[in-house]
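J.: Add 814 to a position in the sequence shown, counting from 1, and you land on the number used in this note's numbering.
All residues carry an ideal CB built from backbone N, CA and C; glycine is no exception.
Before we start, here is the structure in question, set down as structure tokens.
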Amino acid sequence: MKNNAKDLVILSLFTAIIALMTFTPLGYIPWIVKITLIQIPVIVGSVLLGPGKGAFLGFVFGLTSLINNTINPGATSFLFVPWYSLKPEVKTSWLSLIICFVPRILTGIVPYYAAKFLKRRSKLTKLAVLWIIGIVLFHLIIRLLKGYLSGTSYIIAFHLALIIFILLVYVLTKSKRGDVTYAVTGAIGAFTNTIFFLLFTWLIFGKGDAFTANGVVGKSFMDFLIGIVTINGCLEIIASMFCVSAILMAIKKR
């Protein structure tokens, strides 16, 4: 009974943190597609409280995203709310609610099982998971670079992205903060949100003629979106790796 009450208090606390982050600059960093940091309390809550309460936090994340994109719409808000459109010719769909909620709910479920799985595995396995995530993101970045760069510029950008990724993994591996389980769990949580967002966006909106970024980038909408979200996703994964690790390690010590 005492544990249940404690979990409800922690759940309420994380719900309040998500609400606070939503309506302050702490949760969304403005850009073409907003860089999201709200997945961090969702991931931490999932690991601490389990998949059920983690799914609830993910639902709250989706709900606050729905409200935020309604009262403060941006260029891609139609992907989250069916009653907003950037242009009259862009067709919206009630299926956008799937994009708004499902990736966020999964972000509250997957980290619990990821942490449970990783705790029993070797450091090499954990780093292998991290490398797989990095390779997928690296592939998407290179696809983006190929579309906009060529020749020497592409080669420089390619190697720069590779060096940054290798340095990131090296710093994480050599960290003295302890087990890398929580860092990899944070990366998996943020990656879950990013990859399912892209998947559902492609399934629901990716084939329409209306989705062409005319006068914006000269590319198809999905190429444009994949590029922006991939960059955002990399930043969100890096932030989640270090923040989730720091928070959970601090809680573990206490």
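Provide the residue(s) that pair with Ile-843 in DSSP beta bridges, ordered along the chain.
T.: Looking at the DSSP assignment, Ile-843 forms a beta bridge with Ile-849.
J.: Just verifying my parser: in three-state terms, what is the DSSP assignment at Arg-1068?
T.: In the structure shown, Arg-1068 sits in coil (DSSP, three-state: anything other than H, G, I, E or B).
J.: Between the beta-carbon of Val-1058 and the beta-carbon of Thr-999, is there less than 8 Å?
T.: Yes, the pair counts as a contact, with Cβ atoms nearer than the cut-off.
J.: Classify Lys-940 as buried or exposed, calling it buried when 16 or more other Cβ atoms lie within 10 Å of its own Cβ.
T.: So Lys-940 counts as buried.
J.: May I ask you to check if the CB of Val-950 is nearer than 7 Å to at least one heavy atom of the ligand SAH?
T.: Looking for the ligand SAH in the displayed structure turns up nothing, as the structure carries no ligands at all.
J.: Please give me, in chain order, every unbroken run of the alpha helix (DSSP H) with length at least 4 that falls completely inside the region 912-959.
T.: You should have 924-933.
J.: Would you check if there are 3 or more beta carbon pairs closer than 8 Å linking the region 917-926 to the region 882-891?
T.: The region 917-926, when compared against the region 882-891, does not touch it at the 8 Å Cβ threshold.
J.: Which whole-angstrom value describes the C-beta separation of Thr-838 and Thr-878, a residue pair presumed to lie in contact below a C-beta threshold of 8 Å?
T.: Wrong, their Cβ atoms sit about 11 Å apart, outside the cutoff.
J.: Check the C-beta distance from Leu-862 over to Ile-824 and give it rounded, since I have them as a contact under 8 Å.
T.: With 8 Å as the limit, Leu-862 and Ile-824 qualify as a contact, their Cβ atoms being about 6 Å apart.
J.: Following the continuous alpha helix (DSSP H) through Thr-884, name the residue where it begins and the one where it ends.
T.: Unbroken alpha helix (DSSP H) run through Thr-884: 865-885.
J.: What is the residue span of the alpha helix (DSSP H) that Val-895 lies within?
T.: Element bounds for Val-895: n/a, residue is neither H nor E.
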